[in-house]
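Chemist:
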Amino acid sequence: MDSTIVAGFSSYIGLSANDSLVLGGSANRIMECSIGSVINGIDNTIDGNASFSTILGGRLNLINNNVDKGFIGGGYNNCIAGDYGTIVAGNGNKICSASCNGTIVGGENNCVRGGCNSLVVGGSGNDNVAKNSSIVGG
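Read in order, the letters of the sequence shown correspond to residues 310 to 447 in the working numbering.
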């Protein structure tokens with residue numbers, strides 16, 4: 310049940326975080342997560358009780374409390390609140406809590422909310438609210 314911080318500076322792993330890793334970067338945080346990892350980047354957070362979640366680089370990215378298996382691969386100011394959510398790069402993208410298996414690939418200020426298995430690829434200001442649906446570009 311060990312957790313480890315390797316390299317970087319000013320990073321934090323909470324006392325109840327089990328088997329978690331912060332590798333490099335600065336000011337990255339894993340609060341009370343089970344098996345979470347933040348690799349490089351600046352000021353990224355995996356919040357309390359988010360399990361099996363990963364942030365890979367970027368800045369100001371957040372995986373919210375109680376998210377199961379969230380992944381953010383870089384970007385800036387992205388947020389996941391839904392289980393099994395994935396954001397790959399981009400800026401200001403969000404997957405809301407009612408959106409399981411939501412995915413956003415790039416773009417800015419895109420949102421997946423209200424429907425499971427939904428996707429946004431690129432573009433700006435897209436809002437996918439339907440279940441099993443995709444928005445490409447825009």
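We put the CB at the ideal spot given by N, CA and C, even for glycine.
Give the single residue among 391, 320, 431 whose Cα lies nearest to the Cα of residue 397.
Modeler: As a position in the sequence shown, residue 397 is number 88, starting the count at 1. Closest by alpha carbon: 431.
Chemist: So, residue 387 versus residue 370, is the Cβ gap smaller than 8 Å?
Modeler: By 1-based counting over the sequence shown, the position of residue 387 is 78. By 1-based counting over the sequence shown, the position of residue 370 is 61. Cβ distance < 8 Å, so residue 387 and residue 370 count as in contact.
Chemist: Apply the 10 Å Cβ neighbour rule to residue 439 and answer buried if 16 or more other Cβ atoms are within range, or exposed otherwise.
Modeler: Taking the first residue of the sequence shown as position 1, residue 439 is located at position 130. Label assigned to residue 439: exposed.
Chemist: Strictly by DSSP, which residues pair up with residue 420?
Modeler: For the purposes of this step, residue 420 is identified with residue 111 of the sequence shown, where counting begins at 1. According to DSSP, which records beta bridges pairwise, residue 420 is partnered with 403, 436.
Chemist: Using alpha carbons as the reference points, say which of 366, 385, 390 lies closest to residue 374.
Modeler: Here the question's residue 374 lines up with position 65 in the sequence shown. Taking only the C-alpha atoms, the option nearest residue 374 is 390.
Chemist: Could you pull out every unbroken beta strand (DSSP E) segment of at least 3 residues lying fully inside the segment 329-376, listed in chain order?
Modeler: 330-332, 346-348, 363-365
Chemist: For the ligand MG, is there a heavy atom less than 7 Å away from the beta-carbon of residue 404?
Modeler: What this structure holds is no ligand at all, so the ligand MG is not there to describe.
Chemist: I need the boundaries of the beta strand (DSSP E) containing residue 382, first residue and last residue.
Modeler: The residue labelled residue 382 in the question sits at position 73 within the sequence shown. Residue 382 -> beta strand (DSSP E) spans 380-382.
Chemist: Rank 333, 410, 419 by C-alpha distance to the C-alpha of residue 317 and give the top, closest one.
Modeler: Your numbering for residue 317 matches position 8 in the sequence shown. Looking at the Cα atoms, 333 is the closest of the given residues.
Chemist: Could you check if residue 313 is buried or exposed, using at least 16 other CB atoms within 10 Å of its CB as the buried criterion?
Modeler: As a position in the sequence shown, residue 313 is number 4, starting the count at 1. Classification for residue 313: exposed.
Chemist: Are the beta-carbon atoms of residue 357 and residue 341 separated by less than 8 Å?
Modeler: Position 48 of the sequence shown, counting from 1, holds the residue named residue 357. Position 32 of the sequence shown, counting from 1, holds the residue named residue 341. For residue 357 and residue 341, yes; Cβs fall inside 8 Å.
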